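Okay, so the sequence shown: first residue is 1 according to full-length UniProt numbering, each after it adds one.
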Amino acid sequence: MAYLYAYLETIKCLREEINWEDETERHNFFCRFDPLIKNWNGRLPDLCEVFRPEEIKRLISDSAKGIVIAQYNYDRVKEYQRFMMFVIRTGYRAGDLELDELLQRVGMHKLKHFFKVPSWLIFEIYAKFDANYFDEETRPEHFHMACKFASHDVVNKFLELGQDPNCRCKKTGDSPLHSLASSIRIGADGSRTIELLMRNGADPNAANLTGMTPLHRLCEYCNSLNVIERFLMVCDDVQQVVHIDARDEEGRPLHLAVKFDQAEAVELLLRRGADPNAHDAKGTTPLHFIAKRSHFMRTNLFEICDAIHRTVQVNARDNLGNTPLHVAMPWRDEEGFKTLLRRGADPNLANEDGRTSLHVICEKDRDDEFARILFEICDERQLTVQVNTRDKSGKTPLQLAVAKLSPNTVDMLLNRGADITNCIFPTSIDTKFGFDSSLNGKLRIASGALAVAEHLEARGYDFSRSDALAIMKFFANHDLFEKSSSDLEKSLRDDQEFASRAKEAMIFPSLSLYDLIHLGPEEEEKLLTYTDYFVFPHPFYKFVIPARHEKNCFFHLCEKLSRGFFRRWALDPFYELIHKRLPILCCEQILEKLDNQDLCNICLAAAGQTS
């Protein structure tokens, strides 16, 4: 008995040294109390003889809260758990309503905290299995709390004492199965408890106040196919028909499984009879959701439905009139896009805004890849793509492609019969055109604008001086003018690393960056088009040019790219500025000697503007 007396005196001393209003001091108490617990032998004390009731409650709530907070600190978690075990071993049991206070202090009604505190510890201390407890926020019952903890033994004890397996939370309408599904979503293993509830009469189709069934919640959050399979198998065993297509305020279980990338659950539901074409509240089908996600799941949906002889409505429209093809484009999944087209997606269907898939491509796509795929597959299907459809704002795909400065798409549309009438070249050009503001991005904008202008002019577009000024202003606003070509040439001579890398950076199989830099203006114009500059693998992307030479190389390419354009468009303004006092041939010879910045300034001066 002497050791017990000594231990009790030590505990009392620890208790008296604590400022019970200071949470930090209370947590430090556990560090000092833990060695006593680990080494305790013999008869256990009555905690009520050492601590006041309020102090015991505080220590219990602190230990539960500590487990939540210190979840990644194994030693601290074990320290708090040992204290709770010690409390249980002493025979301490809380009053019926004290669970309320614990949960309020710890915040364990928040679902994310449930699985961190061993449920049996809580229910051993607050062992009142036949009482209902209501929290102001969600008003779950003690039984619901046990289900949320996925505490099999505790749930079983409640059921043995006659607990209704279908009792509802008054605020949410959740059944115990809903609560259990909520615990599974945060990592608890509740498959055994699901079976326990089901075999004791739990309704698998019970809908809460939003219409959500337990299957909805499992499909939304459960990462284990085994749990959903077991749920459905037990329903079969107890001869309960599961409403596989039950609809809540948002949609059906299949929508949730697809939306949250539960691929195996998708297959299970489809093979169980789920409708692959069911609409949710927004008119969205599973294929709409899948179109925004992985190609794998999209292909899998078609394969499963083929196997079970169900047809996927590939042209289903949502409430905005969008088909899966409309919503797939922004996600830039080429293989998925091909799958939809080969499965019969109609690119000519327009949504509520009057936009077809081609409108979306021309507005979103920065290059020609998706337009090329669309035309190629539609050619295979012998389906004509309507290239001149106008949306509700009156825009055609060509107008959108021109506005995005997408030269290859513009060229394809023109080759497919796009009407150039009412086509307007952008009045202002900036880095907002879908590329980044890096050197490479600016070069692509500049080359894209020049290439689009070239394509339009070749098809009869009356490219005006104001159109040309829009391009020139982009060069001026971003100072895309070479200061001195001799600097770059000197660098190539003096820097062997730069020269070597420039020779390795191939523009074409027969033309390196080194060769391009040394080409004269006439030779360069014969060999390269604006589109070539737009599509070739820019050295700034591949990091082949040493950083110290990047800017000089970039400005040189910009100068070479636009030289012919500036010379051509500066001739008339120069002729006007000198009041036509020199022959055209002399004007051309003068302009030949000027750099692009001078030519740009001439055009701006003639227009009454400054750079």
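Cβ atoms here follow ideal geometry from the backbone N, Cα and C, with glycine treated the same way. Keep in mind that this is a model prediction, so the values were computed, not measured.
Quick one: complete alpha helix (DSSP H) runs, 4+ long, within the stretch 420 to 467?
Counting whole runs of 4 or more residues, the stretch 420 to 467 contains the alpha helix (DSSP H) stretches 439 to 458.
Can you tell me whether DSSP reads MET297 as helix, strand or coil?
On the sequence shown, position 297 is the one that residue 297 refers to. Reduced to three states, the DSSP call for MET297 is helix.
Write down every uninterrupted run of the beta strand (DSSP E) in the stretch 326 to 377 whose length is 3 residues or greater and which is fully enclosed by it, in chain order.
Segments of the beta strand (DSSP E) lying fully in the stretch 326 to 377: there are none.
Check each candidate in MET297, ASP261, ILE304 and GLY321 and name the one with the smallest Cα separation from THR284.
Here residue 284 refers to the residue found at position 284 of the sequence shown. Nearest of MET297, ASP261, ILE304 and GLY321 to THR284, Cα basis: GLY321.
Rounded to whole angstroms, what is the Cα-Cα separation between ALA345 and MET329?
Taking the first residue of the sequence shown as position 1, residue 345 is located at position 345. Taking the first residue of the sequence shown as position 1, residue 329 is located at position 329. Answer to the nearest angstrom: the Cα atoms are 13 Å apart.
When you compare the CB positions of TYR74 and SER63, do they come within less than 8 Å of one another, or not?
Reading the sequence shown from its first residue, position 74 is the one you call residue 74. Reading the sequence shown from its first residue, position 63 is the one you call residue 63. No, they are not a contact pair.
To the nearest angstrom, report how far apart ASP306 and GLN313 are at their CA atoms.
One-based indexing of the sequence shown puts residue 306 at position 306. One-based indexing of the sequence shown puts residue 313 at position 313. When rounded, the distance between both Cα atoms is 12 Å.
Quick check: is the beta carbon of PHE475 nearer than 8 Å to any beta carbon in chain C?
Considering every chain present, this structure includes no chain C. It has just one protein chain.
In the structure shown, what three-state DSSP assignment does LEU511 receive?
Taking the first residue of the sequence shown as position 1, residue 511 is located at position 511. Here LEU511 sits in strand by DSSP.
Excluding the 5 residues flanking TRP40 on each side, which residues of the same chain have their C-beta closer than 6 Å to its C-beta?
Translated into the one-based positions of the sequence shown, residue 40 becomes position 40. Here the set comprises nothing.
Rounded to a whole number of angstroms, what is the C-alpha to C-alpha distance between LYS171 and GLN239?
Here residue 171 refers to the residue found at position 171 of the sequence shown. Here residue 239 refers to the residue found at position 239 of the sequence shown. Each residue's Cα considered, the two are about 30 Å apart.
Would you say the stretch 458 to 468 touches the stretch 525 to 532, given that touching needs at least three Cβ pairs under 8 Å?
The stretch 458 to 468, when compared against the stretch 525 to 532, does not touch it at the 8 Å Cβ threshold.
Quick check on this structure: which residue in ARG82, LYS65, ILE18 and VAL77 has the alpha carbon closest to the alpha carbon of PHE51?
Position 51 of the sequence shown, counted from the first residue, corresponds to residue 51. The shortest C-alpha separation from PHE51 is found at ILE18.
Just grab the DSSP bridge partners of MET506 for me.
By 1-based counting over the sequence shown, the position of residue 506 is 506. DSSP output for MET506 lists SER512 as bridge partner(s).
With a 10 Å radius around its C-beta and 16 neighbouring C-beta atoms as the bar for buried, classify LYS560 as buried or exposed.
Start at 1 with the first residue of the sequence shown, and residue 560 comes out as number 560. It is buried - the Cβ of LYS560 has at least 16 other Cβ atoms within 10 Å.
If you measure between the beta carbons of THR356 and ALA451, is that distance less than 8 Å?
The count along the sequence shown starts at 1 and reaches residue 356 at position 356. The count along the sequence shown starts at 1 and reaches residue 451 at position 451. Not in contact: THR356 and ALA451 (Cβ atoms no closer than 8 Å).
Smallest Cα separation from LEU177: which of PRO204, ASP153, VAL154 and PHE158?
For the purposes of this step, residue 177 is identified with residue 177 of the sequence shown, where counting begins at 1. Closest by alpha carbon: PRO204.
May I have a chain-ordered list of the alpha helix (DSSP H) segments no shorter than 4 residues that lie completely inside the stretch 157 to 231?
Runs of the alpha helix (DSSP H) inside the stretch 157 to 231: 176 to 184, 191 to 199 and 214 to 221.
Give the DSSP-derived three-state secondary structure of HIS549 in the structure shown.
Counting from 1 along the sequence shown, the entry for residue 549 is found at position 549. It is helical.
Reducing DSSP to helix, strand and coil, say where THR138 ends up.
Residue mapping note: residue 138 aligns to position 138 of the sequence shown, counting from 1. Confidence at THR138 is low in this model, with a pLDDT of 37, below 50, so its placement is unreliable and the value that follows should be read with caution. Of the three classes helix, strand and coil, the one that applies to THR138 here is coil, per DSSP.
Out of ASP46, ALA403, CYS13 and GLY336, point me to the one whose CA is closest to LYS364's CA.
Position 364 of the sequence shown, counting from 1, holds the residue named residue 364. Measuring from the Cα of LYS364, the nearest candidate turns out to be ALA403.
Where LYS503 and GLU454 are concerned, what is the direct C-alpha to C-alpha distance, given to the nearest angstrom?
Counting from one through the sequence shown, the residue named residue 503 turns up at place 503. Counting from one through the sequence shown, the residue named residue 454 turns up at place 454. LYS503 and GLU454: Cα-Cα distance of roughly 29 Å.
Per DSSP, what kind of secondary structure is ARG381 in: helix, strand or coil?
Your numbering for residue 381 matches position 381 in the sequence shown. Looking at ARG381 - three-state DSSP - the assignment turns out to be coil, as it is neither helix nor strand.
For VAL242 and GLU21, what's the separation of their Cα atoms in angstroms?
Start at 1 with the first residue of the sequence shown, and residue 242 comes out as number 242. Start at 1 with the first residue of the sequence shown, and residue 21 comes out as number 21. Taking the straight line joining both Cα atoms gives about 53 Å.
If you compare alpha carbons, which of LYS148, LEU59 and CYS219 is closest to LEU270?
As a working note, residue 270 is residue 270 in the sequence shown. Minimum Cα distance to LEU270 is reached at CYS219.
Note down, in chain order, each residue of its chain lying with its Cβ closer than 7 Å to the Cβ of GLU376, except the 5 sequence neighbours on either side.
As a first step, residue 376 is located in the sequence shown; it is residue number 376 there, counting from the start. Counting only Cβ-Cβ distances below 7 Å, and skipping sequence neighbours, we find nothing.
Report the three-state DSSP secondary structure of TYR5 (helix, strand or coil).
Translated into the one-based positions of the sequence shown, residue 5 becomes position 5. Of the three classes helix, strand and coil, the one that applies to TYR5 here is helix, per DSSP.
Can you find at least 3 beta carbon pairs, one from the stretch 411 to 419 and one from the stretch 384 to 400, that sit closer than 8 Å?
Yes, since at least three Cβ pairs between the stretch 411 to 419 and the stretch 384 to 400 fall closer than 8 Å, the two stretches touch.
If you run the structure through DSSP and keep just helix, strand and coil, what is GLY66?
Mapped onto the sequence shown, residue 66 falls at position 66. Of the three classes helix, strand and coil, the one that applies to GLY66 here is helix, per DSSP.
Helix, strand or coil: how does DSSP classify GLN496 here?
Taking the first residue of the sequence shown as 1, we reach residue 496 at position 496. Here GLN496 sits in helix by DSSP.
Please tell me whether, using a cut-off of 7 Å, the distance from the CB of HIS144 to the nearest non-hydrogen atom of the ligand FMN is below it.
Ligands in the displayed structure: none, and consequently the ligand FMN is not present.
Which two residues bound the contiguous alpha helix (DSSP H) that contains PHE86?
Walking along the sequence shown from the start, residue 86 turns up at place 86. Unbroken alpha helix (DSSP H) run through PHE86: 74 to 89.
SER151 by DSSP, collapsed to three states: which one?
Taking the sequence shown and counting its residues from 1, one reaches residue 151 at position 151. Note: SER151 maps to coil in three-state DSSP.
Would you decide whether SER510 is buried or exposed? Buried here means 16 or more other CB atoms lie within 10 Å of its CB.
Indexing the sequence shown from 1 puts residue 510 at position 510. That one is exposed.
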